[in-house]
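First residue of the sequence shown? That's 339 in my numbering, and the numbers climb one at a time after it.
Virtual Cβ for every residue (Gly too), placed ideally from N, Cα, C.
On a predicted model such as this, the values are computed, not experimentally measured, just so you know.
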Amino acid sequence: KPSYASQVYEIIRPSVVRIEALVLNAEGKTEGTLGTGVVVDDKGTILTSLHIVQDAAAVHVVFADGTESEALVIVRQPENDLAVLRPYEVPDDLVPATLGSSAALRVGDEVVAVGNPFGISDSLSAGVVSGLGRTYKSPKTGETLANLIQFDAAVNPGNSGGPLVNRDGEVVGIVTALVNPTDQDFFIGIGFA
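This is how it looks when you write it as structure tokens:
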């Protein structure tokens, strides 16, 4: 029998998008940021992390079938590090994700994180919910995020904005942060959604 993670991956894969944003840095030069998002309705509305597109001059999305589109940030929630994007074009065979309730999660529940770590598309990592109701102050945005899901599936730069998915293939969180006590920018054990 296939593993639960491979079954969940097949459910969520068509709903996951790659997000590329052009932002102005402190010197006024443009640089690219990379992240992930998840389609949440049949109009192509995308849920992602705000810190990916916060100061973006342009946002480009690539759907699972390869369709590409520019997108507009239509909602910003800094207190939750969430953004909603509206793409200008959507694929004909768009598959929105099913949203689940994070209130039903328990410590120890199996979850998977799907995204584009370091720009490597279509990546999945599996783990468990390690804690609930966590608080985290983002060093990137300065915002204090509350009521977070702590999980131990590996996430890295590029996973931000991607779905945290339960065993039934439902999105229960959006990957937002990585706790790292070093100055290195890679996974060492604690992710938050």
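Cα-Cα separation between T405 and T374, rounded to whole angstroms
15 Å
Are V354 and V399 close, meaning C-beta to C-beta below 7 Å?
no
Should S498 be labelled buried (16 or more other beta-carbon atoms within 10 Å of its own) or exposed?
buried
Enumerate in chain order the residues of its own chain whose CB-to-CB distance from A441 is below 6 Å, with the five nearest sequence positions on each side excluded.
none
Considering only their Cβ atoms, is the gap separating G500 from V513 smaller than 7 Å?
yes
Check whether the Cβ atoms of A451 and L502 lie closer than 7 Å to each other.
yes
Could you say if the region 447-464 and the region 425-438 meet the contact criterion of at least three C-beta pairs nearer than 8 Å?
no
If you reduce the DSSP assignment to three classes, tell me which class S440 lands in.
helix
Under DSSP, the beta strand (DSSP E) around I412 begins and ends at which residues?
406-415
So, with DSSP's three-state summary, where would you put Q488?
strand
For a test of the three-state rule: what should DSSP assign to F530, helix, strand or coil?
strand
Range covered by the beta strand (DSSP E) that runs through Y347:
It is not in any beta strand (DSSP E) - Y347 instead sits in the alpha helix (DSSP H) that spans 342-350.
Quick check: the Cα distance between Y426 and A409, rounded to an integer number of angstroms?
6 Å
Taking the C-alpha atoms as reference points, what is the distance between G480 and L385?
21 Å
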